[in-house]
Amino acid sequence: MLFINEAAAINGLADTIIKGGVSLYNAMKYIYSIAEDDFYNISIKDAFKVVLNNITDTDCLQGLGLHIDDRTCAEMQSEEYNHVLALMVYSLAVRIPTLKNVRINDESMTDDQLYRLYNAVMEKGAENYKDMISETFLETKYLVRKGKKLQPFTADWYKTYIYTNVPELAEITNKNMFLLGFADVLFAMFYSCLEEEIRNKMTEYTADNLSETEEK
Amino acid sequence: MDNSIVRFAVYDNTNFYKIELSRTLLHFTEFDFTYFWEQCIEACKTARKTGRLPQNIISGAKTVIGRAHPYIEACIGTDYSEIVTDCIIEYICHSERIGLEELWARCISPKNPYEEAIFRRISEYKANRAMNRWTSIVRIQEYAKNKMSFIFDTDDIGTILSDSTVRARKEYFDLALSVAANELGCSGNLLPSVKLCTPSTLPNAAFVVGKVSKSIYRRFADALAEGRDLSAMDKRDCSKIRDQLAMEAYSYVKGMTRPNEIEMNFALEAIRENPAELYYPDSLKAAVDLEFELMVRDKIYMRKCENCGRFFTALDDNTRCDRVNSSGKTCRRQYEELVESITGEARGNMLKSEESPAVENAETANVTEISPVSSLVPPPEVHEPVVVPKETEKRAQKLYNALYKRVNKGIDENEFKEWSQYLSNMKRNLKIGEATLKQYEEFLDYSDRLAKEVKIAGKNKTIYAPVDKPYDLNNSGGNSEKTLKKTETPSEDGTTGEISEDEFVEIAELSEKIEKKSAGKAVSDSPKVPQVEGAVVSSDNVKVKPFTPQAFDSVFDAMQAGNDDGDEDISPKKQDKHVEIKKPKWERISREEAFKDNDNDDE
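Taken in order, these protein sequences are the chains called X and G.
The first sequence begins at 1 in my numbering and counts up by one.
The second sequence begins at 1 in my numbering and counts up by one.
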């Protein structure tokens with residue numbers, strides 16, 4: 001794919017993926033905090049609407065009056081849970097080869113461009129901590145090339161990680177059950193919206209007015 | 001301390017605020033929010049352009065709304081801090097005909113701080129963390145108006161409600177709300193309420209009585225540092241374990257002994273400044289209800305003004321308020337002046353009918369009450385338009401001109417206004433058929449006499465126009481006693497007597513004769529009348545207005561004042577006929593002649 005400024009485009013796309021990972025990570029915490037005080041006050045549907053409309057806004061749920069602190073999210077404030085962030089970004093990074101299917105002006109990203117994008121994301125801190133995610137970049141690339149269908153983006157790895165590494169969240173409590181329930185739905189919907197966002201960004205970077213957009 | 005003032009405190013504020021019973025309520029119910037609304041619209045328009053809410057307009061608008069009620073003022077930094085945003089949200093929804101949900105969805109990805117503020121605020125509504133305070137204030141104002149009307153309004157004007165009726169009405173109104181809430185499944189403890197506290201038992205007492213609290217804390221700091229953290233309880237429903245929590249807190253200060261004298265005196269000084277009793281309303285409605293409750297308790301009632309229809313604090317039996325109306329006077333004053341002007345005339349005539357001795361021997365005067373105007377002027381029952389003959393109209397116009405000419409020269413400006421108001425009312429009543437031609441002519445007859453008296457009074461200020469009450473009518477002479485008993489209102493048993501129209505006219509005619517006589521006497525004996533500038537000369541029974549030199553606007557007025565007897569029409573057209581303007585005769589002189597005169601003067 002021909003970008004007007006390829007380096008800027010790669011960086012921009014990497015940035016979008018990273019922000020998406022952070023946003024998903026924070027959204028989990030914010031929504032988890034609902035179970036503390038606002039279970040009957042805040043509609044989970046509203047929370048989803050806000051998150052999915054602001055994919056790259058990492059603290060958009062603050063607007064809904066939610067706060068992350070030691071009281072509302074005490075179980076998520078552990079060192080082990082913090083690795084989830086790197087894992088989330090990694091889970092998105094390994095799916096970068098799917099961008100090959102995005103065609104703009106009858107062009108798609110080259111393998112080289114996709115690889116550079118993957119490396120850019122990995123350099124910014126993505127990590128397959130304890131090999132929790134079974135998918136790899138090469139595997140996804142192979143499946144895309146062969147035109148095979150990928151596994152849907154699910155929260156399976158997330159739940160596995162929690163059960164095995166974060167005992168506070170693995171405990172059977174009202175709050176934790178709520179977390180595991182909404183995680184499945186949020187992961188799937190979030191990925192779908194992120195794909196849309198990346199597609200928009202790619203269109204933006206291939207447009208003639210790239211420099212003007214950047215200035216803005 | 002004034003019983004009509006109570007003090008209250010609010011959450012998150014260490015100051016005390018006061019409610020002036022009935023006054024605060026009246027002020028709130030009559031508060032005009034238009035200016036606040038306009039300020040908010042302006043803030044909205046500015047924010048749309050700049051992307052930010054203009055802080056200067058917001059603070060100004062908040063100051064304005066803070067004046068509506070002391071509770072709003074107390075909470076302007078907490079509960080009402082977002083009231084401008086609330087008003088803007090209401091304005092947008094109202095003007096664009098959209099719901100809150102749609103506006104929220106529009107701002108879900110805010111592009112600027114203004115959209116973010118709106119999004120946050122609506123999110124708070126959705127999460128039951130806040131409500132639209134602006135619409136709430138408007139609704140509570142309506143609630144207060146309705147409650148006031150329900151309790152204090154009467155079907156018959158002038159009816160005075162008994163204490164038990166007022167209380168019953170208030171209780172009934174409150175009960176209706178409770179029944180509705182109960183039927184809707186809203187438990188009573190969710191509704192607004194007021195606590196009666198002292199400064200030391202307020203929920204935020206530790207901060208309200210801060211100095212003493214600090215000294216107490218120092219005494220028990222060590223023990224409290226090791227205590228169980230109860231802050232988590234704040235978020236839970238602890239209504240069933242309140243005593244348990246209180247006793248747990250008390251267990252840390254259980255061994256407390258009285259402090260030394262210095263510390264006790266320090267506490268005494270600090271506590272003495274605070275009020276002994278404080279109310280703690282948890283909402284604006286609670287504050288409004290508190291005022292109603294205390295008004296009923298202290299028997300401070302309201303009444304609807306017969307004139308303007310607005311409620312006022314009923315301090316006596318008066319049925320008119322002390323608000324200044326469009327006439328520039330209070331409703332009460334306006335009524336009193338109307339009563340004075342009509343009954344004063346009747347009374348003045350009566351006194352004069354007893355001739356001058358009545359005035360001179362007024363030492364034994366009886367104090368009499370003035371009958372209401374309504375008893376003197378029975379309401380007409382005619383309802384068909386009355387055609388007024390042209391001659392009568394001309395006569396009225398002549399009278400108007402005659403009296404207008406004498407304004408401040410025999411008749412006071414206010415009196416003239418009253419008279420002309422009466423005339424125009426009479427004309428209006430004729431048009432709508434609520435007055436008869438006879439009544440109109442009677443009024444003109446009366447005005448004729450008035451005009452004559454005014455003319456006489458204008459010539460000699462010692463005798464003033466009768467409408468201005470030159471005599472103190474609270475005391476009437478012994479000779480007039482008989483007449484007064486017949487004409488004036490209250491008899492000894494307090495019942496109101498009425499005079500017939502014929503009697504009224506008879507008295508008026510009699511008084512006219514007497515006045516003419518006394519006017520003549522006054523002119524001839526004027527030096528005998530005490531003349532003290534700026535003071536009312538009074539004996540026990542007589543009060544005569546001081547002599548003031550006659551003032552004229554023009555030379556023509558001065559001439560007219562002396563020799564215009566019988567000439568009533570002094571309209572400007574007629575005036576022109578009397579004045580002859582002669583052309584000046586100019587003689588041309590030379591320059592030398594002119595300077596010659598000047599030189600001679602210098603020499």
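Backbone N, C-alpha and C define an ideal beta-carbon position, used for all residues, glycine too.
The residue from G:Ile300, G:Ala457, G:Lys240, G:Val253 with its alpha-carbon nearest to that of G:Ile5 is G:Ile300.
Chain-order list of chain G residues neighbouring X:Asp131: empty, with the shortest C-beta distance near 36 Å, by a criterion of under 8 Å. Against chain X, a Cβ distance below 7 Å from G:Glu124 picks out Gly65. Judged by their CB atoms, X:Ile96 and X:Thr206 are not nearer to each other than the 7 Å cut-off. Using a Cβ-Cβ cut-off of 9 Å, X:Asp69 is close to nothing in chain G; its nearest Cβ partner there is about 13 Å away. Taking G:Thr392 as the centre and dropping the five residues before and after it, the same chain places the C-beta of Leu437, Tyr440, Glu441, Leu444 closer than 8 Å to its C-beta, in chain order. Just so you know, the alpha carbons of G:Thr78 and X:Lys29 end up roughly 28 Å apart.
Excluding residues up to 5 positions away in sequence, Ala86, Val89, Tyr90, Ala93 lie with their Cβ nearer than 7 Å to the Cβ of X:Ala126 in the same chain. Counting only Cβ-Cβ distances below 7 Å, X:Val50 has contacts in chain G at Ile108, in chain order.
Put simply, the CB of X:Asp37 is near chain G, with a gap under 7 Å to one of its CB atoms. No Cβ of chain X is located within less than 7 Å of the beta carbon of G:Ala47.
Straight-line measurement puts the Cα of G:Ser187 at about 23 Å from the Cα of G:Ala168. For G:Ile5, the enclosing beta strand (DSSP E) has its first and last residue at 5-8. The C-beta of X:Asn174 comes no closer than 7 Å to any C-beta of chain G. If you draw a straight line from the Cα of X:Leu143 to the Cα of X:Lys130, it is about 24 Å long. Considering only beta carbons, no part of the stretch 67-91 of chain G lies closer than 7 Å to chain X. The contact set of X:Ile42 on chain G, defined by CB atoms closer than 8 Å, consists of Lys126, Ala127 in chain order. Here G:Gly66 is buried: its Cβ has 16 or more other Cβ atoms, across all protein chains shown, within 10 Å. Contact annotation: the stretch 60-80 of chain X touches the stretch 30-47 of chain X, with at least three C-beta pairs closer than 8 Å. Residue contact with chain G for X:Asn82: absent (no Cβ-Cβ distance below 7 Å to any residue of chain G). Note on G:Asn182: under 16 other CB atoms within 10 angstroms of its CB, so exposed under the neighbour-count rule. At a cut-off of 7 Å between beta-carbon atoms, G:Lys235 makes contact with chain X.
Using beta-carbon distances, X:Asn26 does not count as an interface residue toward chain G, since no partner is under 7 Å. C-alpha of X:Asp111 to C-alpha of X:Val121: approximately 15 Å in a straight line. Beta-bridge analysis with DSSP links G:Lys195 to G:Tyr280. Each residue's CA atom was taken as its position, placing G:Tyr114 and G:Val209 some 39 Å apart. The criterion of a C-beta distance shorter than 7 Å is not satisfied by G:Glu261 and G:Leu25.
DSSP places G:Ile160 in the coil class of the three-state scheme, outside both helix and strand. For G:Tyr17, the uninterrupted beta strand (DSSP E) segment begins and ends at 17-20. Under DSSP, G:Val407 forms a beta bridge with G:Ile411.
Using a Cβ-Cβ cut-off of 7 Å, X:Asp46 is close to Lys126 of chain G, given in chain order.
One thing to note: G:Leu53 has its Cβ no nearer than 7 Å to the Cβ of G:Ala61. G:Asn325 and G:Met350 have their C-alpha atoms some 33 Å from each other.
Contact between X:Thr160 and X:Met202 does not hold, since their C-beta atoms are separated by about 32 Å, which reaches or exceeds 8 Å. Listed in chain order, the non-local C-beta contacts of G:Tyr143 below 8 Å within the same chain comprise Lys285, Val288, local neighbours out to five positions each way being set aside. Around G:Ala206, the same chain offers Ser213 as residues with beta carbons nearer than 6 Å, after the five sequence neighbours per side are excluded.
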